[in-house]
Structures are given as C-alpha cells and as structure tokens.
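Below is one structure; the comments refer to it alone.
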C-alpha cells in the first residue's frame, strides 16, 4: 500500500477514534473473493489496538479497544468495525 495513502487513512481513523491517537496499525493485504465475476481490486485490512481507561463501580479499569478498517487500494475506507 502506498505510504501516502496509508498516512491519510490513519489520520481519518484517528479523527474518528481519538482514543487511538498515536496507535499505528498492523497492515495486511486481503485476497479478493473468488466468486466475484468482475476483476476484483485488492483490499487491505488495518488493525488498530489501544487500551482505554474507564471508571466503573469497582474502580479504575482498562478496556481494550480494537478497530478494523478495510481499505481499497486507492485509500477508500470500505468498512470499519470496532470492539465495544
């Protein structure tokens, strides 16, 4: 993946999820589905991880936060999923 496109996508994710500021993603190329008839374009999976401190009735706790971002080769965000 082009480093400039990757930098732009990371900035978009950090704006949407400020608790991930400073977190660098693990980038993995995904293979296109076999059933598609058109020429499939490759996608990339970006995995962000962070821990968020929360205050609950039992005191201060740490909550892991995962964000998965599927990005096209040209940098278009196709899908975002998060943990709670």
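In our numbering, the protein residues as written are 23 to 106.
For every residue, glycine included, the Cβ atom is placed at its ideal position computed from N, Cα and C.
Less than 8 Å separates the beta-carbon of residue 92 from that of residue 67. Note that the C-beta distance between residue 28 and residue 35 is not below 8 Å. Excluding its 5 nearest sequence neighbours in each direction, residue 97 has C-beta neighbours in its own chain below 7 Å: 27, 30 and 31, listed in chain order. Between residue 74 and residue 87, the C-beta gap is smaller than 8 Å, which places the two residues in contact.
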